[in-house]
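Chains A and B, in that order, give the protein sequences. The first sequence begins at 0 in numbering that gives the first Met the number 0 and counts up by one. The second sequence begins at 0 in numbering that gives the first Met the number 0 and counts up by one. C-beta: ideal position from N, C-alpha, C; glycine also.
Protein chains: 2
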Amino acid sequence: MQLLKERILRDGKVKEGNVLKVDSFLNHRMDISLMQEIGKEFRRRFPQPEINKILTIEASGIGIAAIAAQYFNNADVVFAKKTKSKNLDGELYTVQVFSFTRGVPFEVEVSKKYLDQDDCVLIIDDFLANGQALKGLMEIVRQSGARLAGCGIVIEKGFQEGGKLLREQGVNLQSLAIVDSIDNGAITFRE
Amino acid sequence: MQLLKERILRDGKVKEGNVLKVDSFLNHRMDISLMQEIGKEFRRRFPQPEINKILTIEASGIGIAAIAAQYFNNADVVFAKKTKSKNLDGELYTVQVFSFTRGVPFEVEVSKKYLDQDDCVLIIDDFLANGQALKGLMEIVRQSGARLAGCGIVIEKGFQEGGKLLREQGVNLQSLAIVDSIDNGAITFRE
Chain A
0 MQLLKERILR DGKVKEGNVL KVDSFLNHRM DISLMQEIGK EFRRRFPQPE
50 INKILTIEAS GIGIAAIAAQ YFNNADVVFA KKTKSKNLDG ELYTVQVFSF
100 TRGVPFEVEV SKKYLDQDDC VLIIDDFLAN GQALKGLMEI VRQSGARLAG
150 CGIVIEKGFQ EGGKLLREQG VNLQSLAIVD SIDNGAITFR E
Chain B
0 MQLLKERILR DGKVKEGNVL KVDSFLNHRM DISLMQEIGK EFRRRFPQPE
50 INKILTIEAS GIGIAAIAAQ YFNNADVVFA KKTKSKNLDG ELYTVQVFSF
100 TRGVPFEVEV SKKYLDQDDC VLIIDDFLAN GQALKGLMEI VRQSGARLAG
150 CGIVIEKGFQ EGGKLLREQG VNLQSLAIVD SIDNGAITFR E
């Protein structure tokens with residue numbers, strides 16, 4: 000997605016350790032006009048009319064998924080929760096995800112009420128690196144018996160292995176921008 | 000807002016301890032069509048043309064704010080972060096908020112880059128009870144020097160004191176539904 004790549008080049012910041020920060024338009028301040036274009040692009044890449052739910056994970060995924068849902072006939076957005084909430088029903092799909100950032104595992108959960116075998120689900124998230132969070136969301140879809148239409152990612156770090164492994168498994172993974180390398184602050188995208 | 004009150008009566012669940020759960024349309028599964036009506040209602044209640052930023056707090060506020068921003072000429076959404084992130088700039092507005100739910104204080108932070116004296120800010124959040132989170136966001140706006148246009152809340156628990164105290168201080172606080180009591184599962188709204 001050309002508009003997104005240009006924005007990353009213009010406003011993305013490369014921090015030490017070649018960490019790409021897109022706080023200024025994606026995951027702290029959100030540029031709503033850009034989110035709308037991202038939503039339209041996801042629809043173009045996932046045209047399946049049967050998609051009726053968008054699944055994401057708190058926190059940064061929520062705004063992107065909410066805006067995008069408007070281009071999917073206002074499909075429901077379900078956001079997975081990261082911390083163990085006081086759910087007295089006990090009616091949860093749960094999965095443990097390992098966070099490389101924090102060095103610890105955390106629990107991801109979705110209420111069984113909001114996802115089941117009648118659903119066709121598109122997973123959306125802001126970033127894909129090693130793919131742990133995405134694999135967790137896919138496992139929740141599997142537990143629910145819903146059909147997975149695919150996974151839409153805004154920015155994939157192509158130099159980490161998550162995307163490669165998922166594509167090898169046949170997942171319909173669409174990343175709007177794939178960063179193949181960050182070298183001394185210079186960002187190179189995959190063609 | 001009549002549509003919202005009807006939805007709370009239809010789909011809200013009252014759990015033990017008179018806790019109102021609106022997971023099914025607001026803060027776990029999001030009904031996007033309802034979010035759009037909520038966004039339009041916020042615009043009706045905050046018509047000031049100078050509003051250029053919407054400030055909220057992760058996680059549930061983000062989707063509501065993102066959809067609402069579209070009715071404010073795609074104003075930028077800034078979402079405050081709850082955990083201490085690895086911000087090496089050190090350029091943050093921070094405030095400590097006490098969580099009655101968890102019984103502990105937590106840090107709320109916003110990068111100084113995304114809020115300053117040239118901004119006119121509308122704060123949006125899903126719930127208002129004792130008002131701790133909202134007071135924290137207002138304190139961040141105060142630190143930034145920005146103008147506060149007001150605070151828009153989806154559901155206020157009118158039987159807790161947050162809303163009352165803020166209105167007494169002259170805050171332009173607009174809650175789309177105010178629950179005055181929950182008694183044996185029966186919800187009463189303020190007129």
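If we ignore side chains and look at the alpha-carbon of each, how far apart do residue 143 of chain A and residue 135 of chain A end up?
Working through the first sequence from its first residue, we reach residue 143 of chain A at position 144. Working through the first sequence from its first residue, we reach residue 135 of chain A at position 136. If you take the alpha carbons of residue 143 of chain A and residue 135 of chain A, they lie about 13 Å apart.
For residue 28 of chain B, which beta-bridge partners are listed by DSSP?
Position 29 of the second sequence holds residue 28 of chain B. BP columns for residue 28 of chain B point to A:77.
Measuring straight from C-alpha to C-alpha, what distance separates residue 30 of chain A and residue 72 of chain B?
Taking the first residue of the first sequence as 1, we reach residue 30 of chain A at position 31. Taking the first residue of the second sequence as 1, we reach residue 72 of chain B at position 73. For residue 30 of chain A and residue 72 of chain B, the distance between alpha carbons rounds to 11 Å.
What in chain A is Cβ-close to residue 117 of chain B, meaning under 9 Å?
Position 118 of the second sequence, counted from the start, is the residue given in the question as residue 117 of chain B. Those do not exist, as residue 117 of chain B stays about 14 Å from chain A at its closest Cβ, beyond 9 Å.
Hey, quick one: how far does the alpha helix (DSSP H) through residue 142 of chain B stretch, first residue to last?
Stepping through the second sequence from its first residue, residue 142 of chain B is reached at position 143. Element bounds for residue 142 of chain B: 131-143.
Grab me the residues of residue 129 of chain A's own chain with a C-beta within less than 8 Å of its C-beta, minus the 5 sequence neighbours each way, in chain order.
One-based indexing of the first sequence puts residue 129 of chain A at position 130. Same-chain partners within the cutoff: 99, 159, 160 and 161.
Whose C-beta lies closer than 6 Å to the C-beta of residue 171 of chain A among residues of the same chain, with five residues either side of it excluded?
By one-based count along the first sequence, residue 171 of chain A stands at place 172. Closer than 6 Å at Cβ, skipping near neighbours: 149.
Does the separation of the CB atoms of residue 176 of chain A and residue 3 of chain A fall below 9 Å?
One-based indexing of the first sequence puts residue 176 of chain A at position 177. One-based indexing of the first sequence puts residue 3 of chain A at position 4. The answer is yes: Cβ separation under 9 Å.
Exposed or buried, what is residue 8 of chain A when buried is set at 16 or more other beta-carbons lying within 10 Å of its beta-carbon?
For the purposes of this step, residue 8 of chain A is taken as residue 9 along the first sequence, with counting starting at 1. Looking at its Cβ environment, which holds fewer than 16 other Cβ atoms inside 10 Å, residue 8 of chain A is exposed.
In the DSSP assignment, the alpha helix (DSSP H) including residue 50 of chain A goes from what residue to what residue?
For the purposes of this step, residue 50 of chain A is identified with residue 51 of the first sequence, where counting begins at 1. Unbroken run through residue 50 of chain A: none, as it is neither H nor E.
Here's the rule: buried if 16 or more other CB atoms are within 10 angstroms of the residue's CB, otherwise exposed. What is residue 18 of chain B?
Your numbering for residue 18 of chain B matches position 19 in the second sequence. Flag for residue 18 of chain B reads exposed.
For residue 61 of chain A, which residues of its own chain have a beta-carbon under 7 Å away from its beta-carbon, when the five flanking residues on both sides are left out?
For the purposes of this step, residue 61 of chain A is taken as residue 62 along the first sequence, with counting starting at 1. Hits under 7 Å: 55 and 78.
Determine the extent of the alpha helix (DSSP H) in which residue 20 of chain B is found, giving its start and end residues.
Working through the second sequence from its first residue, we reach residue 20 of chain B at position 21. Note, residue 20 of chain B: premise wrong, no alpha helix (DSSP H); beta strand (DSSP E) at 18-20.
Quick check: is the beta carbon of residue 62 of chain B nearer than 9 Å to any beta carbon in chain A?
The sequence position of residue 62 of chain B within the second sequence is 63, counting from 1. Answer yes: the Cβ-Cβ gap between residue 62 of chain B and chain A drops below 9 Å somewhere.
Grab me the residues of residue 53 of chain A's own chain with a C-beta within less than 6 Å of its C-beta, minus the 5 sequence neighbours each way, in chain order.
To locate residue 53 of chain A, count along the first sequence from 1; it is residue 54. Same-chain partners within the cutoff: 64, 68, 74, 76, 121 and 123.
Given this structure, state the Cα-to-Cα distance separating residue 14 of chain A from residue 140 of chain B, to the nearest angstrom.
Here residue 14 of chain A refers to the residue found at position 15 when the first sequence is read from its first residue. Here residue 140 of chain B refers to the residue found at position 141 when the second sequence is read from its first residue. Roughly 27 Å separates the two Cα atoms.
Can you tell which of B:34, B:92, B:179 and B:39 has its C-alpha closest to the C-alpha of residue 108 of chain B?
Working through the second sequence from its first residue, we reach residue 108 of chain B at position 109. The residue with the shortest Cα to Cα distance from residue 108 of chain B is B:92.
Just to make sure I have the definition right: I need the residues of chain A whose C-beta is within less than 8 Å of the C-beta of residue 31 of chain B. Which are they?
By 1-based counting over the second sequence, the position of residue 31 of chain B is 32. Those within 8 Å of residue 31 of chain B in chain A are 65, 68, 69, 73, 74, 75 and 76.
By the three-class DSSP mapping on this structure, what secondary structure does residue 194 of chain A have?
In this structure chain A extends from 0 to 190, so residue 194 of chain A is not present and cannot be described.
Use the C-beta contact count for residue 26 of chain B: other C-beta atoms within 10 angstroms, 16 or more gives buried, fewer gives exposed.
The sequence position of residue 26 of chain B within the second sequence is 27, counting from 1. Per the 10 Å Cβ criterion, buried.
Roughly how far, in whole angstroms, is the beta-carbon of residue 114 of chain A from the beta-carbon of residue 145 of chain A, given that I think they are within contact range, below 8 Å?
Position 115 of the first sequence, counting from 1, holds the residue named residue 114 of chain A. Position 146 of the first sequence, counting from 1, holds the residue named residue 145 of chain A. Yes, they are in contact, since the Cβ atoms of residue 114 of chain A and residue 145 of chain A sit about 6 Å apart, within 8 Å.
Taking the continuous beta strand (DSSP E) assigned at residue 146 of chain A, which residues delimit it?
In the first sequence, residue 146 of chain A corresponds to position 147, counting from 1. Residue 146 of chain A -> beta strand (DSSP E) spans 146-156.
Once the 5 residues before and after residue 32 of chain B are set aside, which same chain residues still bring their CB inside 6 Å of it?
Here the question's residue 32 of chain B lines up with position 33 in the second sequence. Here the set comprises nothing.
Going along the chain, which residues of its own chain have a beta-carbon closer than 7 Å to the beta-carbon of residue 36 of chain A, five neighbours each way excluded?
Reading the first sequence from its first residue, position 37 is the one you call residue 36 of chain A. Here the set comprises 2.
Give me the subset of the region 9-23 of chain A whose CB atoms are less than 8 Å from a CB atom of chain B, sorted by chain position.
Those residues of the region 9-23 of chain A that come within reach of chain B (Cβ to Cβ, closer than 8 Å) are 14, 15, 22 and 23.
Distance check for residue 80 of chain B and residue 182 of chain A, CA to CA, integer angstroms please.
Taking the first sequence and counting its residues from 1, the one referred to as residue 182 of chain A is at position 183. Taking the second sequence and counting its residues from 1, the one referred to as residue 80 of chain B is at position 81. Distance between the alpha carbons of residue 182 of chain A and residue 80 of chain B is about 29 Å.
Going by DSSP in three states, residue 36 of chain B sits in which element: helix, strand or coil?
Within the second sequence, numbered from 1, the residue matching residue 36 of chain B stands at position 37. Correct three-state label for residue 36 of chain B: helix.
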